[in-house]
Amino acid sequence: MQDKTFLMIPGPTPVPESVLLDMAKHPIGHRSSEFSKILEKVYSNLKLIFETKNDVFVYTSSGTGAMEAAISNLVNEGDKVLSLVIGNFGERWAKIAKAFGADVEKISVPYGQAINPEDLKKRLNEDVNKEIKFVTLTHNETSTGVTNDLKTLCEIIRNHGAISIVDGVTSVCAMPLKMDEWGIDVLVSGSQKGFMIPPGLAFLSANERAFEIHKNCKRSGFYFNWDAYKKSVNANSTPYTPAVNLFVALDTALNMILKEGLETIQNRHKKHSLALRAAIRAINLKLFVEDDSIASCAITSILPPEDISVPDIRSTLKNDFDIVVANGQNDLKDKIFRMGTLGFVCDRDILAAVSALEATLYKLGHKFEPGSGVKAAIEILTK
Ligand SMILES: Cc1ncc(COP(=O)(O)O)c(C=O)c1O
24 MQDKTFLMIP GPTPVPESVL LDMAKHPIGH RSSEFSKILE KVYSNLKLIF ETKNDVFVYT
84 SSGTGAMEAA ISNLVNEGDK VLSLVIGNFG ERWAKIAKAF GADVEKISVP YGQAINPEDL
144 KKRLNEDVNK EIKFVTLTHN ETSTGVTNDL KTLCEIIRNH GAISIVDGVT SVCAMPLKMD
204 EWGIDVLVSG SQKGFMIPPG LAFLSANERA FEIHKNCKRS GFYFNWDAYK KSVNANSTPY
264 TPAVNLFVAL DTALNMILKE GLETIQNRHK KHSLALRAAI RAINLKLFVE DDSIASCAIT
324 SILPPEDISV PDIRSTLKND FDIVVANGQN DLKDKIFRMG TLGFVCDRDI LAAVSALEAT
384 LYKLGHKFEP GSGVKAAIEI LTK
């Protein structure tokens with residue numbers, strides 16, 4: 024049915040109607056006082072969301088732009104970077120760092136697992152000469168549906184002295200993430216995820232320690248250069264022409280987020296993922312990440328039944344129910360499907376998705392008790 028699509032991919036995520044309507048207005052001049060007032064609110068609200076006293080820069084780019092900005096403003100050729108890899112996005116940090124000439128070492132785990140803090144501690148303890156200058160890591164690994172214990176990992180990095188560079192693209196807003204309290208040096212995110220607006224903006228916050236290192240970075244590039252953004256944030260401006268309509272959308276969305284409250288939003292994400300996980304188990308499907316303690320509350324990875332293919336599940340959900348779920352990426356393509364519960368998602372959406380998944384599997388011949396997934400979800404949603 025036209026206009027009924029419900030995106031349950033890990034981004035772009037659904038956008039509230041009030042955000043869409045505000046975005047649809049005529050673009051305003053990016054040097055106008057009207058836009059400057061919007062920027063003032065946006066910059067100050069972003070600090071509340073990042074839980075930091077540092078500035079938050081907004082780039083007109085996708086999340087990867089902010090990842091590149093983190094590396095390009097810090098890393099010199101030959102610098103040693105330790106990349107903690109639990110999936111594709113952890114791998115992306117390593118690729119970007121390599122592209123800037125870093126000497127990259129990885130700690131990798133099989134997909135579906137999180138980094139064991141003891142492994143990181145051991146490696147950093149061995150680094151007695153403090154050769155490792157930067158550690159890159161992913162808070163919520165979207166490709167697998169695993170969440171790292173960021174607080175513990177950043178504490179270990181801080182004790183060693185390296186700079187922590189964190190991908191919070193699918194975790195900011197959705198899960199507890201306290202930049203200053205947890206001693207995170209650089210944190211990046213993207214607009215089309217927990218922020219409930221379309222793709223096109225990326226966020227980066229860096230603390231004083233990171234800025235000190237940045238001073239010695241020989242080639243910080245131009246478009247993403249922190250100095251230009253710092254100057255602009257202080258003047259409630261942007262260095263270049265930004266995606267003005269997305270900033271208007273962001274202003275509306277940030278007001279909604281702060282009105283609902285970060286903690287309430289995070290609890291909602293937790294509850295939704297638990298409800299979905301309970302439903303998946305009840306309908307005799309297997310979760311790719313069995314361990315609830317590392318399972319993402321933004322994205323749930325599910326193994327298909329042995330005799331039913333991921334493309335059949337995805338196409339039936341799309342054609343019969345207008346629900347879009349994601350395939351696995353790279354090696355996990357057609358091995359798992361991923362259901363996002365990120366951003367503007369309510370209890371009704373979860374119940375609709377679980378019933379649609381049940382109907383899909385019923386149609387495709389999977390053996391389970393119809394209604395058992397919905398029942399399991401209801402039990403959690405109504406707790
Ligand atoms: C964890 C994570 N990091 C980075 C990115 C890259 O963001 P973008 O696609 O906006 O460049 C994504 C995108 O899905 C992501 O999920």
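In our numbering, each residue's number is its place in the sequence shown (first place is 1) plus 23. Ideal placement from N, C-alpha and C gives every residue a C-beta, glycine not left out. As the structure is a prediction and not an experimental result, all values here were calculated from the model.
(1) Express the C-alpha separation of Pro262 and Lys254 in angstroms, rounding to a whole number.
(2) Can you tell me which of the three DSSP states Arg371 falls into?
(3) Between Phe80 and ligand 1, is there a pair consisting of the residue's CB and a ligand heavy atom that are separated by less than 7 Å?
(4) Say the cut is 7 Å; is the CB of Asp190 nearer than that to a heavy atom of ligand 1?
(5) Using a Cβ-based criterion (distance less than 7 Å to any ligand heavy atom), does Ser338 qualify as near ligand 1?
(6) Do you know offhand how far His389's Cα is from Val333's?
(7) Mind the definition here: the stretch 89-104 touches the stretch 117-126 only if three or more C-beta pairs lie below 8 Å; say whether that holds.
(8) To the nearest angstrom, how far is the alpha carbon of Ile306 from that of Ser84?
(9) Going by alpha carbons, who is nearest to Lys156 out of Phe245, Val347, Ile179 and Ser187?
(10) Whose C-beta lies closer than 8 Å to the C-beta of Pro33 among residues of the same chain, with five residues either side of it excluded?
(11) State yes or no: is the C-beta of Ala117 within less than 8 Å of the C-beta of Lys103?
(12) Please find out if some non-hydrogen atom of ligand 3 comes closer than 7 Å to the beta-carbon of Phe112.
(13) Compare the Cα-Cα distances from Arg300 to each of Leu326, Thr275 and Gln289 and report the closest residue.
(14) Pick out whichever of Glu74, Phe80, Ser56 and Lys60 has its Cα sitting closest to the Cα of Ala251.
(15) Let me make sure I understand the geometry here. Which of Arg242, Lys145, Gly213 and Asp372 has the alpha-carbon closest to that of Ile180?
(16) Does the Cβ-Cβ distance between Ser228 and Asn68 come in under 8 Å?
(17) So what does DSSP say about Val195, is it helix, strand or coil?
(18) Which runs of the alpha helix (DSSP H) at least 4 residues long sit entirely within the stretch 328-394? Give them in chain order.
(19) To the nearest angstrom, how far is the alpha carbon of Tyr385 from that of Ile346?
(20) Which residues bound the beta strand (DSSP E) around Met31?
(21) Using a Cβ distance threshold of 8 Å, determine whether the stretch 373-385 contacts the stretch 234-241, with at least three qualifying pairs required.
(22) DSSP three-state call for Gly213: helix, strand or coil?
(23) Verify whether the separation of the beta carbon atoms of Ile61 and Val271 is less than 8 Å.
(24) Cβ of Ser13 versus every heavy atom of ligand 1: is any distance shorter than 7 Å?
(25) My output table needs one value for Lys103: the three-state DSSP class, helix, strand or coil.
(26) May I ask you to check if the CB of Thr323 is nearer than 7 Å to at least one heavy atom of ligand 1?
(27) Can you tell me whether Gly213 sits near ligand 1, meaning its C-beta is under 7 Å from at least one heavy atom of the ligand?
(28) Give the straight-line distance between the Cα atoms of Leu277 and Asp330, rounded to the nearest whole angstrom.
(29) Any idea what DSSP makes of Glu313, helix, strand or coil?
(30) Taking the alpha-carbon of Asn99 as reference, which of Val127, Leu147 and Gly110 has the nearest alpha-carbon?
(31) Can Asn10 be considered in contact with ligand 1, in the sense that its beta carbon sits closer than 7 Å to one or more heavy atoms?
(32) Once you ignore the five residues that flank Tyr82 on each side, which residues in its own chain have a CB closer than 6 Å to its CB?
(33) What beta strand (DSSP E) runs, 3 residues minimum, are completely inside the stretch 75-102?
(34) Return the CA-CA distance between Glu204 and His183, expressed in angstroms with no decimal places.
(35) Taking 7 Å as the cut-off, is the C-beta of Pro133 nearer than that to any heavy atom in ligand 1?
The answer reads as follows:
(1) 8 Å
(2) helix
(3) no
(4) yes
(5) no
(6) 13 Å
(7) yes
(8) 40 Å
(9) Ser187
(10) Thr165, Thr193, Lys216, Ala321, Ile322, Ala349, Arg361, Gly363 and Leu365
(11) no
(12) No copy of ligand 3 occurs in the structure displayed; its ligands are ligand 1 alone.
(13) Leu326
(14) Phe80
(15) Lys145
(16) no
(17) coil
(18) 333-344 and 370-386
(19) 16 Å
(20) Phe29 to Met31
(21) no
(22) strand
(23) yes
(24) Given that the chain is displayed from residue 24 to residue 406, the structure contains no residue 13 and the question cannot be resolved.
(25) strand
(26) no
(27) yes
(28) 44 Å
(29) coil
(30) Val127
(31) Since the first residue of the chain shown is 24 and the last is 406, residue 10 is not available in this structure.
(32) Gly88, Ala89 and Ala225
(33) 79-82
(34) 17 Å
(35) no
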